[in-house]
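Residue numbers (this note's numbering): 2 to 302.
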């Protein structure tokens, strides 16, 4: 490990820097070859950021619900393995992500999931917090939303960390597959299902399509919120929250309340209006639009 960071940081006289690599395998089906993306960089921080963003994007495109913060924390953890043979596999539904390496591994997996336990060196802490919070944060965040995190040894060396997000549809499917207590009861249920199979099929098709449409709308809304978060500056966020608190305000009020120049306050209001978060009312004042009201509710979740 010390060798990796000495090459990355301490030997500036060398003309060529070592490149670090992460492979991302995105599965559309477990019966087909995955789409493989190679990310390569001589800058560790850039590699971590690019990898986290790409994995989150692929997961969301498949309907995955694993939060970005969870993905980012585990990818940062690859620094402990010097990114040696780092491979990230995204399953077809986007709700199962495996992050594997062939580094030194994790000897005490129980302690690794507890706050405060860390093997981060001084050089590693230039890129990550290194206070033993990464795995606990990821584990707790997943647990709170109905998921889980597992840590296993890789085949020869290294570790595999798996992020799972359990969907209600999956649980319903497992419930349907539970065996009945008696064959007679099973036969009775089967006959009832056959009698009403056509009607049930029609109803289920409609219900499933409605679920798909609702989930798609939720995914689109969350993706849009994520994109707004990326584009919005901290100052614009303060301006947006101020408008939400006051109901409506113009550039002069915003400038006075936030100690900004009048031109800066005006530019931020226009930028927020262009995002569709504000709408102009009488006297040049702005107030939250419908989209802005929805976005405001996500800030305080």
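Just so you know, even glycine gets a beta-carbon here, dropped at the ideal spot from N, CA and C.
Here the structure is a predicted model, which means the values were calculated and not measured.
Cβ pair residue i, residue j closer than 7 Å
i, j, result
"residue 255", "residue 240", "yes"
"residue 110", "residue 76", "no"
"residue 95", "residue 142", "no"
"residue 21", "residue 48", "yes"
"residue 295", "residue 250", "no"
"residue 85", "residue 104", "yes"
"residue 245", "residue 297", "yes"
"residue 67", "residue 164", "yes"
"residue 161", "residue 99", "yes"
"residue 243", "residue 258", "yes"
"residue 282", "residue 288", "yes"
Residue i at chain B interface by Cβ criterion, 7 Å
i, result
"residue 276", "Absent here is chain B; the protein component of the structure consists of one chain."
Of the listed residues the options, nearest to residue i (C-alpha basis)
i, options, result
"residue 158", "24, 236, 69 and 108", "108"
"residue 229", "293, 289 and 266", "293"
"residue 299", "27, 250, 248 and 227", "227"
"residue 31", "97, 72 and 85", "97"
"residue 43", "36, 167 and 51", "51"
"residue 27", "92, 259 and 235", "92"
"residue 274", "238, 257 and 259", "238"
"residue 83", "137, 236, 58 and 19", "19"
"residue 71", "242, 138 and 266", "138"
"residue 155", "136, 112 and 88", "88"
"residue 276", "90, 232 and 150", "232"
"residue 265", "234, 147, 278 and 78", "234"
"residue 225", "278, 236 and 269", "278"
"residue 56", "112, 41 and 90", "90"
"residue 166", "236, 65, 112 and 114", "65"
"residue 269", "280, 236 and 284", "236"
Nearest-angstrom Cβ-Cβ length linking residue i and residue j, presumed shorter than 8 Å
i, j, result
"residue 80", "residue 34", "Actually they are not in contact, since the Cβ atoms of residue 80 and residue 34 sit about 29 Å apart, beyond 8 Å."
"residue 24", "residue 39", "6 Å"
"residue 263", "residue 253", "6 Å"
"residue 53", "residue 73", "4 Å"
"residue 136", "residue 78", "7 Å"
Where the beta strand (DSSP E) containing residue i begins and where it ends
i, result
"residue 27", "21 to 27"
"residue 160", "160 to 166"
"residue 50", "From DSSP, residue 50 is part of no beta strand (DSSP E) but of the alpha helix (DSSP H) over 45 to 62."
"residue 264", "No beta strand (DSSP E) contains residue 264, which is instead part of the alpha helix (DSSP H) from 263 to 275."
"residue 106", "Unbroken run through residue 106: none, as it is neither H nor E."
"residue 289", "287 to 289"
"residue 243", "Per DSSP, residue 243 belongs to no beta strand (DSSP E); it is in the alpha helix (DSSP H), 235 to 247."
"residue 153", "148 to 154"
"residue 37", "36 to 42"
"residue 89", "87 to 91"
"residue 98", "97 to 101"
"residue 280", "279 to 281"
Residue span of the alpha helix (DSSP H) that contains residue i, given as start and end
i, result
"residue 254", "252 to 259"
"residue 84", "It is not in any alpha helix (DSSP H) - residue 84 carries neither H nor E in the DSSP assignment."
"residue 303", "Lying outside 2 to 302, the shown extent of the chain, residue 303 is not represented and no answer is given."
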